[in-house]
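Chemist:
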Amino acid sequence: MSTVLLDARDITLGYARGQGWQSVLEGFDLQLAPGEIVSVLGPSGVGKSSLLRVLAGLQTPHSGTVSLLGEAVTAPHPRVAVAFQDPSLLPWLNLEHNVAFGLDF
């Protein structure tokens with residue numbers, strides 16, 4: 548049996564919308580092995596960025612669990628890095644320089 552690096556189980560996520568609830572993810576499951584490469588594709592507004600925030604521990608799902616090497620991910624994890632779509636860190640630097648910025652310390 549192969550090692551599971553990242554394990555997401557029964558992830559449900561949504562947002563309040565007016566007086567109702569807008570579901571983004573329902574019962575999402577994912578298992579990734581070390582070295583595995585995946586892509587998340589879909590049109591705007593279907594939850595791709597929300598899913599990545601949940602997997603990185605930056606957002607809490609409505610229900611479900613995420614674990615990294617068997618350890619629950621409930622907050623940002625020191626072994627997980629996220630390169631956001633927008634230049635969120637240092638907007639005057641490009642993506643490469645934003646990512647490399649931490650290497651200087």
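All the letters of the sequence shown, read from the start, carry residue numbers 548 to 652 under this note's numbering. Glycine included, C-beta positions come from ideal geometry on N, C-alpha and C. Note that the structure is predicted; figures quoted are calculated from it, not measured.
If you draw a straight line from the C-alpha of SER549 to the C-alpha of ARG556, how long is it?
Modeler: Distance between the alpha carbons of SER549 and ARG556 is about 17 Å.
Chemist: At a cut of 8 Å, does the region 635 to 651 reach the region 579 to 596 through at least three beta carbon pairs?
Modeler: no
Chemist: Pick helix, strand or coil for ASP554, following the three-state DSSP scheme.
Modeler: strand
Chemist: Taking LEU553 and LEU599 to be in contact with their CB atoms under 8 Å, please state how far apart those CB atoms are, rounded to whole angstroms.
Modeler: With 8 Å as the limit, LEU553 and LEU599 do not qualify as a contact, their Cβ atoms being about 11 Å apart.
Chemist: Do HIS609 and LEU560 come within 8 Å of each other at the CB atom, strictly closer than that value?
Modeler: yes
Chemist: Relative to the C-alpha of PHE575, which residue among GLN569, VAL601 and PRO581 is closest?
Modeler: Closest option to PHE575, judged by alpha-carbon separation, among GLN569, VAL601 and PRO581: VAL601.
Chemist: Going along the chain, which unbroken runs of the alpha helix (DSSP H) with 4 or more residues stay wholly within the region 592 to 643?
Modeler: Correct list: 595 to 602.
Chemist: Would you list the one or two residues that DSSP bridges to GLN578?
Modeler: Bridge partners of GLN578 according to DSSP: ASP554.
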